[in-house]
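As you go down the protein sequences, you meet chains B and P in turn.
All the letters of the first sequence, read from the start, carry residue numbers 2 to 293 under the numbering used here.
All the letters of the second sequence, read from the start, carry residue numbers 2 to 293 under the numbering used here.
Ideal Cβ positions, reconstructed from N, Cα and C, are used throughout, including at glycine.
Predicted model, so just to flag it, every value in this text is computed and none were measured.
Protein chains: 2
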Amino acid sequence: MPETVGFVGLGVMGRSMAARLLAAGFPMRVHTRTRSKASDLLRGGAVWMEDNAAVAASSHAIITMLGFPEDVEAVYFGANGLLARVQTGALLIDMTTTRPSLSVRIHEEAARRGLRALDAPVSGGDIGAREGTLSIMAGGREEDFNAAQPLFRAMGGRIVFQGGPGAGQRTKLCNQIAGFGSTLGACESMAFAMRAGLDPAKVLESIGAGAAGSWALSNLAPRMLAGNFAPGFMVKHFLKDIRLALEEAQILGMQAPGLSLALELYARLEREGLGDQGTQALFQALVNSKNT
Amino acid sequence: MPETVGFVGLGVMGRSMAARLLAAGFPMRVHTRTRSKASDLLRGGAVWMEDNAAVAASSHAIITMLGFPEDVEAVYFGANGLLARVQTGALLIDMTTTRPSLSVRIHEEAARRGLRALDAPVSGGDIGAREGTLSIMAGGREEDFNAAQPLFRAMGGRIVFQGGPGAGQRTKLCNQIAGFGSTLGACESMAFAMRAGLDPAKVLESIGAGAAGSWALSNLAPRMLAGNFAPGFMVKHFLKDIRLALEEAQILGMQAPGLSLALELYARLEREGLGDQGTQALFQALVNSKNT
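Structural data, given as structure tokens:
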């Protein structure tokens, strides 16, 4: 019988990831701040736990999928936190995109307590989570990564061990850095097309498949042109990742001109009340911009 | 028998494009500043002309593939220029990436003289030119575009009429704007991976196929990681296009934060003597950067 899996954090991503594990036959113990978000999982056989400590005490592996580094800090290091309450030998897997140094601290504290820990953030969005095709980028000890493979395979399509503690997080930040560039390119190029009086759909036909091509141009540009700014990925979450990456670039002592621009542009969108829109909202700002 | 085609400007791109036309059976008249660049074409049956005026006088359609807007200006408007020397009814096709307003001027002057003109810049690089798979973005009168189809089909795989005079140029600028974004993303993300001590090839495995994916990440990142900075597309030519796009954004009164950053970063590379390297040279600058 497979080991019991605890899951903490049932937002849009976490809910779908937990559902994949449940469908794969793992007995599940779940908790999240808003119980109603667990209802589908509970109907499917997951067991509700009253708090994180109860999840910790009853599971062999615990997966967390939270919001901000502060949430991760509280859930792991709080008085009733996972690190204090988990069974000896348990495997803690944080799949939140968070601060690499926080992942390192979790690893260190886990090791001190005879526990195992992995950082394993994902990309692929809500669709990848639902379909079990996420890209999972893992950091920690390779033997723990190998032990987690059955869990990862239930959730991911591309599962890569990236190195020691924090390497999963740093890889995810690479993903966000590349993603910002191509999103900027798609938004600015489509805004330019509109302002120049071109037919942006025809422009996409000319430029989408060549050396300027990107996932953003193929997937986000048609949404922006249709006036669809619903989030695949929210401005406010992107901004969190941009700040984490900039912080890390600072620690590494390297220049990150793209990230600096990303912070400027996306912080402005959030100030303008667009934090809950998708990252393609940048198009709107540029198409309406005035160069004075 | 197909009509005679003149070709002016036999650089890396022009040479391959003229070779495709020759292979498609068009009788060719050619001229370029350095005669040796025409030798393969002449062996293949193209006829050398002593100057542009001689090309103009002996061809029904004349294609130009030049370097900078100043070159286009001289070749079209000079005393011995194409506009003055071409046969009545001839079709002038400028495939150089140049200033949209210059394309508009050529169209206007051509119309005044009973000639036809198209702007038809391309993307797809030296490989696309050799293989005849270029993306051709055309502006002008649609009937002239239709007349040019047999020529375009010999050189291009994706051939789209984008609108009136200058629309081809503006579309090409959209291509460069999107291309800068994804190139920046690829360079900065790989530089971050290196500086963070990750294995960049593994990082590419995790991030290359998802929402951060782009042609630049798939094609330029492996080159930069292999220390290959040979040009697919040269820094100095990219810089020309960035300046043209910024100039146009200024005319349109829109903000173009990506283009402003592109100018800053690529002008710095050129000042550092990297003008003849490929656009992926930005990776080198970032990976070696210090954040003081």
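Cβ pair residue i, residue j closer than 8 Å
i, j, result
"P:LEU221", "P:THR184", "yes"
"P:ALA121", "P:MET96", "yes"
"B:LEU247", "B:LEU264", "yes"
"B:ARG269", "P:MET255", "no"
"B:ALA192", "B:PHE284", "yes"
"P:LEU84", "P:ARG131", "no"
"B:CYS188", "B:LEU287", "yes"
Cα-Cα separation between residue i and residue j, rounded to whole angstroms
i, j, result
"P:VAL204", "P:MET50", "53 Å"
"B:ALA250", "P:ALA47", "55 Å"
"P:SER104", "P:GLN170", "8 Å"
"B:LEU199", "P:VAL161", "12 Å"
"B:ALA194", "P:GLY129", "24 Å"
"P:ARG100", "P:LEU245", "6 Å"
"P:ALA55", "P:ARG86", "8 Å"
"P:ARG272", "P:ALA257", "23 Å"
"B:MET2", "B:ALA217", "The predicted position of B:MET2 is uncertain, since its pLDDT is 49 and thus under 50; no value can be drawn from it."
"P:PHE234", "P:GLY126", "7 Å"
"P:GLY26", "P:GLY82", "27 Å"
"B:GLY90", "P:ASN292", "42 Å"
"P:GLY167", "B:THR65", "54 Å"
"B:ALA202", "P:GLU143", "18 Å"
"P:ALA155", "B:PHE153", "50 Å"
"B:GLU109", "B:ARG30", "25 Å"
"B:GLY182", "P:LEU266", "14 Å"
"B:HIS238", "P:GLY12", "47 Å"
"B:VAL9", "B:ILE63", "8 Å"
"P:THR145", "P:ARG16", "In the sequence under discussion, the amino acid at residue 145 of chain P is Asp, which differs from the Thr named in the question. Computed Cα separation, rounded: 24 Å."
"B:ASP242", "P:ILE208", "15 Å"
Three-state secondary structure assigned by DSSP to residue i
i, result
"B:HIS32", "strand"
"B:THR172", "helix"
"P:ASP242", "helix"
"B:SER40", "helix"
"B:THR97", "coil"
"P:LEU266", "helix"
"P:MET156", "helix"
"P:GLY259", "helix"
"P:ARG16", "helix"
"B:VAL161", "strand"
"B:THR184", "helix"
"P:ALA282", "helix"
"P:MET225", "helix"
"B:ASP200", "coil"
"B:MET138", "strand"
"B:VAL236", "helix"
"P:LEU253", "helix"
"B:VAL73", "helix"
"P:MET2", "Any reading at P:MET2 needs caution, since the residue's pLDDT is 49, under 50, leaving its predicted position unreliable; the model's value is listed next. Coil, per DSSP."
"P:ASP127", "helix"
"P:VAL9", "strand"
"B:ARG114", "coil"
"B:VAL288", "helix"
"P:ALA85", "helix"
Residue-level contact to chain A via CB, residue i, 8 Å cutoff
i, result
"B:PRO258", "This model lacks chain A altogether; the protein chains it does include are B and P."
Cβ-based burial, residue i [other Cβ within 10 Å; buried from 16]
i, result
"B:GLY164", "buried"
"P:GLN88", "exposed"
"P:ALA112", "exposed"
"P:ALA179", "buried"
"P:THR172", "buried"
"B:LEU93", "buried"
"B:GLY133", "buried"
"B:SER40", "exposed"
"P:GLN150", "exposed"
"P:GLY45", "exposed"
"B:ASN53", "buried"
"B:ALA80", "exposed"
"P:ASN176", "buried"
"B:ALA231", "exposed"
"P:GLY228", "exposed"
"P:GLY274", "exposed"
"P:LEU116", "buried"
Inter-stretch contact (C-beta, 8 Å, three-pair minimum) for the region 36 to 44 of chain P and the region 270 to 283 of chain B:
Cβ pair count under 8 Å is below three, so no.
Three Cβ pairs or more, each shorter than 8 Å: is that satisfied between the region 72 to 88 of chain P and the region 16 to 25 of chain P?
Segment contact: the region 72 to 88 of chain P against the region 16 to 25 of chain P, fewer than three CB-CB distances shorter than 8 Å; contact not assigned.
Is the region 151 to 161 of chain B close to the region 129 to 141 of chain B, with three or more CB pairs under 8 Å?
Yes: at least three Cβ pairs fall under 8 Å.
At a cut of 8 Å, does the region 104 to 120 of chain B reach the region 139 to 149 of chain B through at least three beta carbon pairs?
Short answer: they touch.
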